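The structure appears right after this line, and notes come after that.
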Amino acid sequence: MSLHSLLHHDERLSSTSSTSSVLSSTSTNHTSHHPESPSHEQDGSVHSAEEDEGNNNGNVERHSYSCKRCRRLKKKCSRTKPECQNCGKAREKCEYVPRAPRRKKSEILRSMEMTETSPVQQRPLPPLTQHAHQTYHLQQAQLPSLSQLNFTRDDSRQVTAFSTFDKQRPQLPPLPSLPTRSQMQPPPTTITNGGGAQPHPVTSLHNKLLSIPQIIPGHSQTSNVTSPLSTITNDLLTRCVDRFFEDYAKTYPFLNHTTFCHTHNPLAHSFASGSHFDVNMTVLLGYVALSKVRKVPDDPVLRDALLSRAFDNAEIVSDESIEGIKKLLYYGMFTLMRKDGDTSWYVAGLIDRMVVALGLNEGKVGLDEDTKRVFWSCYNFDRVVSVALGRPAGLLDKDIDVPLLSPMGGEDEDLIKMLRAVSSLRRVEGMIMSDVHSPGALKTETGALRTAEDRSQVLQRLRMEIEAWYNNTSLLSCADRKVSLTSCTTSWYSAVYYTLLSLLYRPSFLVPSPPAETLQLLGKCTLQGASFQYNLHTLHQLPMHWVQLNRWLTHCTTLIYCICHTYVDVVETKAEISFCMELLEYFAMEWSVAAELLDVFRKLNIVAYDLRVNQGEMAHGADTSAMFKKIGEEYCDVLIRNGYTMKFDQPVLKGIRGA
C-alpha cells in the first residue's frame with residue numbers, strides 16, 4: 004500500500020471513529036432521534052439502535068467490538084457476554100479478540116520514517132522455531148543468482164556486483180561485505196487486500212548459484228546437534244585440496260598448490276576459522292569433485308554444510324581489482340557444476356569486462372607474473388565457456404598482447420610448458436569456432452563470399468595449428484610426474500587432438516556439405532576421440548560438469564551424422580558405441596537429456612547387433628538407411644526438446660535429417 008493510500012485510509016478510519024463515539028453516546032442515554040440509522044463500529048460491524056436498546060434494557064453486558072466469528076462471516080454481532088446471539092444459535096465457540104489500539108497519522112509517519120532510515124542489519128532474524136507459516140526458509144536467505152545481480156558503477160570506478168538489498172530500497176548504500184546468515188533478515192513484505200503477506204523478490208548475490216535444500220546446514224534448531232563440519236578429518240581436507248588443484252590448476256594458473264599450502268599451514272586451522280574465502284571454496288569444489296567420481300561417499304548433509312560455509316563468508320566484489328577477479332574466477336569454477344551454462348556465461352561476461360577495464364589484456368611494461376597468470380586464467384575460463392556453448396569469445400586474440408607464463412618461485416619448466424599448452428589449446432579452439440563455425444565464416448573481411456579454394460586454405464591453416472600444438476605439447480605427458488599434473492596424460496592429449504580434428508571437419512557454416520574424403524576422415528577422428536574420452540572416464544579424469552556434457556553431446560552428434568551418412572561402419576564400431584552408452588549413462592545421473600539419448604543409442608546398438616549377426620544376409624540397403632535415418636531424427640528431437648541445440652550444430656542436425 005502506498006504512503007498516500009495509507010494516510011487516506013487512516014483519515015477515513017479516524018472520521019469513522021468519531022462518528023462511532025457520538026452514536027454510542029447517544030445510544031447509551033436512550034435519546035436517539037434516528038433509530039433507523041446504523042452505528043459503525045471500529046471493526047466495521049453494523050447494528051441498529053433498536054437492537055442495542057433491547058440489549059441495554061435487559062442489563063446485558065456487551066463488548067465494544069464484535070466477536071471473531073462474526074467479523075469473519077461479516078454478520079451483525081450482538082456483542083453480548085459471554086457469547087453473542089449468532090454464535091449461540093449456531094452453537095459455535097464465541098471468541099472476542101481485542102483490536103490493536105489506533106495510531107494517529109503523525110505516529111504512522113514517524114514509524115515509516117524510522118523503518119526506511121534504519122540499517123537492514125539491525126533487524127533481527129526470526130527464530131527457526133516459529134510457527135510453520137512463519138518459518139524463515141533458506142531460499143529467502145540464499146545467495147542470489149547472477150541473473151539477479153545489480154551491477155552498478157560510480158565515478159570512483161567501484162563496482163558493486165553483488166547487492167543484498169531489495170530493488171525498492173535504492174537509497175541504501177552498498178554493503179562492504181556480504182552479511183553472514185546470522186545477520187540476514189527476511190525480505191520486506193507487502194500486505195495485500197486480502198490481508199496476506201507476500202515477500203518481495205530477493206536481489207542479492209548468490210540466490211541461484213546453487214539450489215540448497217530447505218534446511219540450513221550447520222544451523223540446528225537445538226543446541227545439542229553437532230555441525231557436520233566437525234566430522235571432517237585432516238586427511239579428507241588434504242584430499243579435497245589435492246583434487247581441486249588436480250582438476251583446476253592446469254586451466255587456471257593463478258592457482259598455485261605450493262603457495263596455497265604454505266599460506267594456510269596448518270590447513271585444519273584455516274578451515275576451522277571459516278574466514279578464508281579461498282579455503283572454503285577450495286574444500287567445497289574439491290569435495291564435490293571427489294564425490295562425483297565416487298572417491299569419497301557422497302554425504303548430502305556434509306556437502307550442504309560446506310556449501311553454506313563457503314557462501315556465508317562470501318565477500319562482495321566491491322571494486323575493479325585483481326582480488327575481485329580472483330573471487331569471480333572462484334564463482335565461475337563453482338558455476339561449472341550447475342545444470343546449465345547460463346550462469347557461467349554471465350560470470351564470464353563480468354570477468355571479461357573487468358579484465359578490459361583494468362587493461363590486463365594490453366601487456367603493459369613491467370606486468371608481474373601474478374597478474375599474467377590471472378589474465379590467462381580469465382582467458383581460459385572465457386574460452387571454456389564460449390566453446391562449450393558455441394558462442395563468440397569475449398576476449399579476442401587480436402586485442403591481447405600478453406606474454407605466456409614464465410617459471411615463478413622455483414617451478415619446474417615442464418609444468419610451465421604444460422600451462423602454456425593449455426592456453427594455446429584454448430586459442431586454437433577459439434580460432435576454429437570463429438573461422439569455421441561462426442555464421443560469418445563464409446564471408447571474407449571485405450564481405451565477399453569465400454571460394455572453394457579459400458575455404459580449403461582455411462581448413463589447412465587450422466589443421467597446421469592443431470598439428471603444431473600436438474607436436475609441441477604431447478611429449479609433456481612423458482615428463483616427470485612429480486612436477487606434472489596427473490590429469491595431463493597421453494589419453495588427455497590424444498583425446499583433445501582428435502576432438503579438435505572432429506570440430507574442424509564436421510559440417511559447419513564454412514563448409515555445410517563436406518566432401519566424401521573429409522567425412523571419412525571425420526568418422527575416423529570421431530571414433531578415436533570416443534576411445535580416448537572413455538579412457539579419461541575410466542581414470543576418473545572426466546569431471547561431471549555441464550561443459551563436459553556439452554562437449555560429449557557434440558561428439559555424439561558428430562558420430563550420429565557419420566553413421567547416418569554411412570561414413571562409419573556400425574558393424575565395426577561395437578566398442579565405440581558401447582563407450583558412448585557408458586558415458587551417457589555417467590552423465591544421466593545429473594542430466595535427463597543424457598538419459599534420453601542413452602535410449603537412442605541403445606536402439607542404435609540393437610541395429611548394429613542385428614547387422615553383425617546377419618552380415619551375410621542383410622546388406623546395407625534402403626531398409627538399413629531408413630533405420631539409421633529414423634534413429635537420427637529421434638536423436639535430433641531429443642536435443643531440440645531439451646534445448647541442447649547450439650548455433651554451430653545447425654549444419655550437422657540439418658545433415659542428419661536430410662540423410
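Numbering-wise, the sequence shown is residues 4 to 662 according to our numbering.
For each residue, glycine too, the CB sits at the ideal point set by N, CA and C.
Small disclaimer: the values here were computed from a predicted structure and weren't measured.
{"Query": "Leu-507 to Arg-386 span [Cα, whole Å]", "Result": "16 Å"}
{"Query": "Rounded C-alpha distance that separates Gln-653 from Gly-393", "Result": "11 Å"}
{"Query": "Where Leu-524 falls: helix, strand or coil (DSSP)", "Result": "helix"}
{"Query": "Member of Ile-609, Ile-469, Val-573 and Asp-640 whose CA lies at the smallest distance from the CA of Val-431", "Result": "Ile-469"}
{"Query": "Inter-residue spacing [alpha-carbon to alpha-carbon] between Leu-410 and Cys-565", "Result": "Note on identity: in this sequence residue 410 is Pro, with Leu being the wrong assignment. Taking the straight line from one Cα to the other gives about 44 Å."}
{"Query": "Whether Gly-335 touches Ser-324 by CB criterion (9 Å)", "Result": "no"}
{"Query": "Enclosing alpha helix (DSSP H) for Leu-545 [first to last residue]", "Result": "Leu-545 -> no alpha helix (DSSP H), and no H or E assigned at all."}
{"Query": "8 Å contact criterion, which Ala-351 and Gly-397 should meet: CB distance rounded", "Result": "6 Å"}
{"Query": "DSSP beta-bridge partners of Lys-446", "Result": "Leu-452"}
{"Query": "Cβ pair Leu-539, Ala-498 closer than 9 Å", "Result": "yes"}
{"Query": "Alpha-carbon to alpha-carbon, Gly-433 and Pro-395", "Result": "8 Å"}
{"Query": "Delimiting residues of the alpha helix (DSSP H) encompassing Thr-261", "Result": "260 to 266"}
{"Query": "Whole-angstrom C-beta distance between Thr-502 and His-558, which should lie under 8 Å", "Result": "7 Å"}
{"Query": "Own chain partners of Tyr-500 with C-beta closer than 6 Å, once the 5 adjacent residues on each side are dropped", "Result": "Tyr-473"}
{"Query": "Where the alpha helix (DSSP H) containing Pro-303 begins and where it ends", "Result": "303 to 315"}
{"Query": "Buried or exposed (CB count within 10 angstroms, at least 16 for buried), Leu-642", "Result": "buried"}
{"Query": "Beta-bridge partners of Thr-83, as assigned by DSSP", "Result": "Arg-65"}
{"Query": "DSSP three-state assignment for Asn-383, whether helix, strand or coil", "Result": "helix"}
{"Query": "Cα-Cα separation between Asn-645 and Val-596, rounded to whole angstroms", "Result": "6 Å"}
{"Query": "Cβ neighbour criterion (16 or more within 10 Å) applied to Pro-406", "Result": "exposed"}
{"Query": "Sub-9 Å separation of Lys-84 and Val-63 beta-carbons", "Result": "yes"}
{"Query": "Nearest residue (CA-CA) to Lys-298, options Ala-471, Ser-516 and Cys-243", "Result": "Cys-243"}
{"Query": "Which of helix, strand or coil DSSP assigns to Asp-438", "Result": "helix"}
{"Query": "Beta-carbon proximity list for Leu-270, same chain, < 8 Å, skipping 5 on both sides", "Result": "Asn-237, Leu-240, Thr-241, Val-244, Cys-264 and Val-282"}
{"Query": "Terminal residues of the alpha helix (DSSP H) in which Val-350 lies", "Result": "345 to 361"}
{"Query": "Beta-carbon separation (whole angstroms), Trp-549 vs Gly-289, contact threshold 8 Å", "Result": "Trp-549 to Gly-289, Cβ: 19 Å. No contact."}
{"Query": "Run of the alpha helix (DSSP H) containing Met-284, from where it starts to where it stops", "Result": "280 to 295"}
{"Query": "CA-to-CA distance, Asn-364 to Asp-402, given in whole angstroms", "Result": "7 Å"}
{"Query": "Ala-451 to Ile-419 span [Cα, whole Å]", "Result": "42 Å"}
{"Query": "Span of the alpha helix (DSSP H) around Met-340", "Result": "It is not in any alpha helix (DSSP H) - Met-340 carries neither H nor E in the DSSP assignment."}
{"Query": "Counted within 10 angstroms of its Cβ, other Cβ atoms place Ile-328 as buried (16 or more) or exposed", "Result": "buried"}
{"Query": "Cβ-Cβ separation, Arg-306 to Ser-294 (assumed contact under 8 Å), whole Å", "Result": "7 Å"}
{"Query": "Beta-carbon contacts of Thr-262 that lie in its chain and below 8 Å, excluding the five residues immediately before and after", "Result": "Gly-412"}
{"Query": "Chain-order list of residues whose beta-carbon lies under 8 Å from that of Leu-542 (same chain, five-residue window excluded)", "Result": "Thr-492 and Ser-494"}
{"Query": "Environment of Asp-400 [buried if 16+ CB atoms lie within 10 Å]", "Result": "exposed"}
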